[in-house]
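Engineer: According to our numbering, the sequence shown is numbered sequentially starting from 3. Each residue gets a CB set at the ideal place from its N, CA and C atoms; glycine is no exception.
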Amino acid sequence: MKLLRFKVTDFRSVADSGWIDAEQVTALVGVNESGKTNLLLPLWKLNPAREGEIKPTSDYPKSNYTAVRANPAEFRFIVAEFDCAECADEIANLSGIDRQYTDVVQVSRYFDGNYDIEFPKHQPRTAIPNKEIRTLLEDAKSEIEAITPLAKESTIKPDMLSTLDELMGYRADTIWSDVALGELANMLTNALPETPAATSSIVPRFQQLIAAVEAKAAELTAAMPGDIEDVVNLVLEKLPRFVYYSNYGNLDSEIYLPHVVQNLQRTDLGAREAAKARTLRVLFSFVTLQPEEILELGRDFRDPQGRTPSESEIADIATKKRDRTILLNSAGTDLTKKFRNWWRQGDYLFEFQADGDHFRIWVSDGKRPEKVELEDRSSGLQWFLSFYLIFLVESRHDHRDAILLLDEPGLSLHPLAQRDLSAFFENLSGTNQIIYTTHSPFLVDADSLDRARKVYVSADGSTKASADLRRGSDDPRKNGATYAIHSALNMNVAESILLGCHPVIVEGPSDQHYLATIKALLIGGNKISPRRELVFPPSHGARNAQVVASILTGRDEVLPVMLFDGDEAGSKMAKDMENGLYQTAKNRILSTDKYVGFESSEIEDLFPPEFLADVIDRWERRADTPFSDILEAGRPIVPQVEEWASSQGITLAEGWKVDVSREVKKRALLRGIDKFDAAVITRWTELFNDIEKLG
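1) Whose CA, out of Phe84, Leu672 and Val16, lies closest to the CA of Val237?
2) By how many angstroms is the C-alpha of Phe341 removed from the C-alpha of Arg379?
3) Do Val598 and Pro562 count as a contact pair if the criterion is CB distance below 8 angstroms?
4) According to DSSP, is Trp178 helix, strand or coil?
5) Under the rule that 16 or more other beta-carbon atoms within 10 Å means buried, what is Ile316, buried or exposed?
6) Could you compute how far the alpha carbon of Lys322 sits from the alpha carbon of Arg301?
7) Name, in chain order, the residues that DSSP records as bridge partners for Met575.
8) Flag this pair as touching only if the region 89–105 and the region 257–268 have three or more C-beta atom pairs under 8 angstroms; answer yes or no.
9) Got a sec? Which residues, its chain only, sit under 6 angstroms from Thr338 by beta carbon, not counting five neighbours each side?
10) Report yes or no: do the region 603–613 and the region 529–543 share at least 3 C-beta pairs separated by less than 8 angstroms?
11) Bridge partners of Ile437, per DSSP?
12) For Asp619, I'd like the list of residues in its chain whose CB is within less than 7 angstroms of its CB, leaving aside the five on either flank, ordered along the chain.
13) Assuming the contact rule is C-beta atoms closer than 8 angstroms, Glu604 and Ile591 should be a hit. Round their C-beta distance to whole Å, please.
14) Do you know how far the Cα of Ala461 is from the Cα of Ala483?
15) Just curious, the beta strand (DSSP E) that Lys702 is in, first and last residue?
16) With a threshold of 8 angstroms, are at least 3 pairs of Cβ atoms found where one atom belongs to the region 239–249 and the other to the region 404–423?
17) Is the separation between the beta-carbon of Asn40 and that of Thr465 shorter than 8 angstroms?
18) When burial is assigned at 16 or more other CB atoms within 10 Å of the CB, is Glu509 buried or exposed?
19) Closest to Ile530 by CA distance: which of Lys574, Lys218, Glu601 and Asp692 is it?
20) Rank Phe600, Leu42, Ala82 and Gln642 by C-alpha distance to the C-alpha of Leu614 and give the top, closest one.
21) For the alpha helix (DSSP H) that Arg326 lies in, which residues bound it at each end?
22) Out of Leu383, Arg207 and Arg127, which has the shortest C-alpha to C-alpha gap to Ala220?
23) If we count the other Cβ atoms within 10 Å of its Cβ and call it buried at 16 or more, is Lys64 buried or exposed?
24) Can you give the beta carbon distance from Leu5 to Ala24, rounded, assuming they're within the 8 angstroms contact cut?
25) Using the Cβ count rule (16 or more neighbours within 10 Å means buried), how would you classify Leu253?
26) Kindly confirm or deny that the region 172–191 and the region 111–118 touch, where touching means at least three C-beta pairs closer than 8 angstroms.
27) In terms of residue numbering, what span does the beta strand (DSSP E) encompassing Met564 cover?
28) Quick one: Cα of Ile257 to Cα of Gly228, how far?
29) Excluding the five sequence neighbours on either side, which residues of its own chain have a C-beta within less than 8 angstroms of the C-beta of Gly572, listed in chain order?
30) Check each candidate in Ile158, Ser442 and Asp513 and name the one with the smallest Cα separation from Gly657.
31) According to the Cβ coordinates, are Glu601 and Gly568 closer than 8 angstroms?
32) Quick check on this structure: which residue in Asp403, Gln355 and Lys677 has the alpha carbon closest to the alpha carbon of Lys373?
33) Assign Arg283 to buried or exposed, taking buried as 16 or more other Cβ atoms, counted over all protein chains shown, within 10 Å of its Cβ.
34) Could you tell me the distance, in whole angstroms, from the CA atom of Pro2 to the CA atom of Thr11?
35) Measure the alpha-carbon distance for Thr327 versus Phe288 and round it to whole angstroms.
36) Rank Ala193, Ser248, Thr687 and Leu523 by C-alpha distance to the C-alpha of Gly674 and give the top, closest one.
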């Protein structure tokens with residue numbers, strides 16, 4: 003099952019985090035003490051792979067400790083929503099509800115350790131509209147009227163029709179309860195003859211009506227799927243396990259093997275020693291050697307009587323030691339090759355040596371060929387090697403398909419190494435969903451800001467999380483979390499200066515998502531081959547656009563390209579730029595109108611309107627009339643969405659355009675460029691070719 007979103011309530015500093023959407027890789031970004039860890043721990047304790055017990059003195063909220071302690075069964079601390087399409091059919095069979103309602107499940111856990119299972123798509127019926135029952139009666143009457151009765155049933159047909167006429171007026175209410183439906187079923191049953199003819203064609207149709215009424219009544223009294231024991235057991239069996247990591251236990255350069263053998267068998271180690279033992283267990287598993295074997299192969303001859311070893315015994319000991327040396331050299335070579343495929347900060351060589359009861363790890367690299375013990379290398383390398391071994395080994399074996407919760411990974415790493423760590427998450431996410439906390443902008447992918455969630459302290463002092471990266475940012479000078487988010491948002495700007503990228507200034511984050519999506523599609527389809535990496539820093543207004551443009555001009559004194567919407571706001575920004583900083587570079591300001599084909603366009607209009615309409619209908623399901631039904635091609639789509647939402651009584655949340663852009667990004671990249679019309683691809687290519695020419 004895949005985690006879709008989760009919400010933490012009444013856990014430590016979190017009163018109600020709000021729903022947090024989960025991607026394949028999700029970054030919880032915030033400063034220290036914002037409560038990031040308190041969002042990971044409840045997820046871990048939902049279904050921990052190891053440990054993860056509920057600890058009242060640590061986990062109960064201090065502000066409400068007495069109430070929670072008195073009645074822990076009343077307090078839910080985590081609810082997580084999963085895509086369970088893989089077992090939806092089985093759940094439907096066990097629960098008796100349609101499969102369309104069983105492919106999403108919400109699992110909650112309470113402080114007493116119990117679980118609660120719900121299916122949010124399934125809305126139990128509490129009453130049946132009168133129209134449905136009247137339709138059943140009318141259909142039965144119509145069909146019975148058309149049936150020719152047996153000779154001995156000459157009076158049954160008119161009696162049944164009379165009964166149906168009477169029952170159609172039996173209730174004038176607009177709804178039927180289960181009790182009323184039971185009464186109706188009894189009335190219909192009483193109208194049946196006591197001994198109907200075996201060959202009757204009228205009675206079976208009347209019995210079919212009774213069964214339909216009883217089925218409607220059963221809908222109102224059916225057990226909730228989450229109350230069915232077999233359903234609960236199945237969901238909990240399929241529930242992915244959560245693996246939480248905060249202390250990985252760096253490997254030491256010198257390892258005393260007898261202690262290792264003992265510690266690997268103990269269950270009473272402290273947290274630090276347990277973490278160290280765990281890393282060692284993974285190390286020996288990775289190199290397919292056991293510490294007992296290394297010890298045994300390295301033992302010298304010992305005789306209690308002081309006897310001198312024979313020539314054959316000496317030869318046997320020498321053979322074993324040589325065998326051990328070969329095995330260790332082979333293991334070091336294997337680790338070097340595998341580690342080199344991922345670690346990009348140095349060309350490292352690892353060597354394992356054993357001397358009696360001691361096992362050592364030596365490291366050298368191309369720039370420093372002399373061997374140095376691991377403990378004397380950087381803490382970043384020590385951490386990375388331990389991290390690499392634990393995640394690579396455990397994610398493939400013990401925790402395959404588990405959801406990994408990483409608390410502040412890579413703290414001791416250089417920024418560039420943190421970027422490598424971010425890339426590693428991408429590879430690891432092929433087998434495991436990952437949620438990690440960070441306050442480093444280097445661990446937030448500038449092209450994937452849609453998967454970042456801002457964690458901050460709200461006005462009431464509790465921890466909140468939001469996909470709106472500006473939330474809680476009234477005064478950036480007083481809000482550390484805002485500073486961290488701004489650093490992440492503007493990392494692509496810094497890279498464009500430092501690494502020679504080609505920046506294109508856009509109005510906001512939704513424009514950033516759309517253009518990053520189009521770029522990825524065009525490059526993937528071999529339609530463009532940019533000479534430099536294209537990045538799309540958002541300006542958030544004309545005044546800020548001028549500042550950003552001035553910064554990005556750099557030493558070359560070449561103003562960056564700007565792309566604005568053709569609507570009133572975008573046109574005003576373009577005019578302000580043309581009358582100011584861009585007076586002599588007006589050609590470097592582009593408008594979406596040129597590439598869309600009509601005026602007042604916005605960035606959304608670069609995409610086919612039918613595609614966007616389908617995304618919006620899937621994103622906003624509360625409407626009675628789908629947006630695709632009222633869509634008018636050739637008109638700007640954003641005003642149409644706003645008009646449609648108003649007509650449907652739907653209030654669009656602040657930042658809704660960013661939410662839609664994230665959905666478009668997901669759908670478009672999954673769809674691929676080949677599924678878009680040639681005309682659409684042509685206008686995308688024209689836009690990016692113009693950007694390239696101006697670069």
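Structural biologist: Short version:
1) Within the sequence shown, numbered from 1, the residue matching residue 237 stands at position 235. The shortest Cα separation from Val237 among Phe84, Leu672 and Val16 belongs to Phe84.
2) Here residue 379 corresponds to residue number 377 of the sequence shown, with the count starting at 1. Here residue 341 corresponds to residue number 339 of the sequence shown, with the count starting at 1. Spanning the two alpha carbons is a distance of roughly 16 angstroms.
3) What you label residue 562 is simply residue 560 of the sequence shown in a count that begins at 1. What you label residue 598 is simply residue 596 of the sequence shown in a count that begins at 1. Taking 8 angstroms as the Cβ cut-off, Pro562 and Val598 do not qualify as a contacting pair.
4) Taking the first residue of the sequence shown as position 1, residue 178 is located at position 176. Here Trp178 sits in strand by DSSP.
5) Position 314 of the sequence shown, counted from the start, is the residue given in the question as residue 316. With fewer than 16 Cβ atoms within 10 Å of its Cβ, Ile316 is classed as exposed.
6) If you number the sequence shown from 1, residue 322 lands on position 320. If you number the sequence shown from 1, residue 301 lands on position 299. So the alpha carbons of these two residues sit roughly 9 angstroms apart.
7) Within the sequence shown, residue 575 is the residue found at index 573, counting from 1. None; Met575 has no bridge partner.
8) no
9) The count along the sequence shown starts at 1 and reaches residue 338 at position 336. If we look at Thr338 and ignore the five residues flanking it on each side, its Cβ neighbours are Leu351 and Phe352.
10) no
11) As a first step, residue 437 must be located in the sequence shown, where it is residue number 435. In the DSSP output, where bridge partners are listed per residue, Ile437 has Thr28 and Leu407.
12) Within the sequence shown, residue 619 is the residue found at index 617, counting from 1. Pro628, Phe629 and Ser630.
13) On the sequence shown, position 602 is the one that residue 604 refers to. On the sequence shown, position 589 is the one that residue 591 refers to. In fact, because the Cβ distance is near 16 angstroms, the residues do not count as touching under 8 angstroms.
14) The count along the sequence shown starts at 1 and reaches residue 483 at position 481. The count along the sequence shown starts at 1 and reaches residue 461 at position 459. Note that Ala483 scores 48 on pLDDT, short of 50, meaning its location in the model is unreliable; the coordinates nonetheless yield the value given after this. Those two C-alpha atoms are separated by around 14 angstroms.
15) Given that the chain is displayed from residue 3 to residue 697, the structure contains no residue 702 and the question cannot be resolved.
16) yes
17) As a first step, residue 40 must be located in the sequence shown, where it is residue number 38. As a first step, residue 465 must be located in the sequence shown, where it is residue number 463. Contact: yes.
18) Reading the sequence shown from its first residue, position 507 is the one you call residue 509. It is buried - the Cβ of Glu509 has at least 16 other Cβ atoms within 10 Å.
19) Residue numbering aside, residue 530 sits at position 528 when the sequence shown is read from its first letter. Among Lys574, Lys218, Glu601 and Asp692, the Cα nearest to that of Ile530 belongs to Asp692.
20) Here residue 614 refers to the residue found at position 612 of the sequence shown. Of the candidates Phe600, Leu42, Ala82 and Gln642, the one whose C-alpha sits nearest the C-alpha of Leu614 is Gln642.
21) Mapped onto the sequence shown, residue 326 falls at position 324. From DSSP, the alpha helix (DSSP H) with Arg326 extends over Glu313 to Arg342.
22) To locate residue 220, count along the sequence shown from 1; it is residue 218. Nearest C-alpha to Ala220: Arg127.
23) Translated into the one-based positions of the sequence shown, residue 64 becomes position 62. Exposed.
24) Mapped onto the sequence shown, residue 5 falls at position 3. Mapped onto the sequence shown, residue 24 falls at position 22. At roughly 5 angstroms, the Cβ-Cβ gap stays under 8 angstroms, so Leu5 and Ala24 are in contact.
25) Position 251 of the sequence shown, counted from the first residue, corresponds to residue 253. That one is buried.
26) no
27) Here the question's residue 564 lines up with position 562 in the sequence shown. First-last of the beta strand (DSSP E) with Met564: Val563 to Phe566.
28) Here residue 257 corresponds to residue number 255 of the sequence shown, with the count starting at 1. Here residue 228 corresponds to residue number 226 of the sequence shown, with the count starting at 1. Rounded to the nearest angstrom, the two C-alpha atoms are 51 angstroms apart.
29) Along the sequence shown, read from residue 1 onward, the residue named residue 572 stands at position 570. Once the five neighbours on either side are set aside, the close Cβ partners of Gly572 are Glu509, Phe566, Ser593, Thr594 and Glu604.
30) Taking the first residue of the sequence shown as 1, we reach residue 657 at position 655. Answer by Cα proximity: Asp513.
31) To locate residue 601, count along the sequence shown from 1; it is residue 599. To locate residue 568, count along the sequence shown from 1; it is residue 566. Yes, Cβ-Cβ distance for Glu601 and Gly568 is below 8 angstroms.
32) In the sequence shown, the residue the question calls residue 373 occupies position 371. The option with the nearest alpha carbon to Lys373 is Gln355.
33) Looking up residue 283 in the sequence shown gives position 281. Burial call: buried.
34) Absent from the structure is residue 2, since the part of the chain shown begins at 3 and ends at 697.
35) Counted from its first residue, the sequence shown places residue 327 at position 325. Counted from its first residue, the sequence shown places residue 288 at position 286. Spanning the two alpha carbons is a distance of roughly 17 angstroms.
36) By one-based count along the sequence shown, residue 674 stands at place 672. For Gly674, the nearest C-alpha among the options comes from Leu523.
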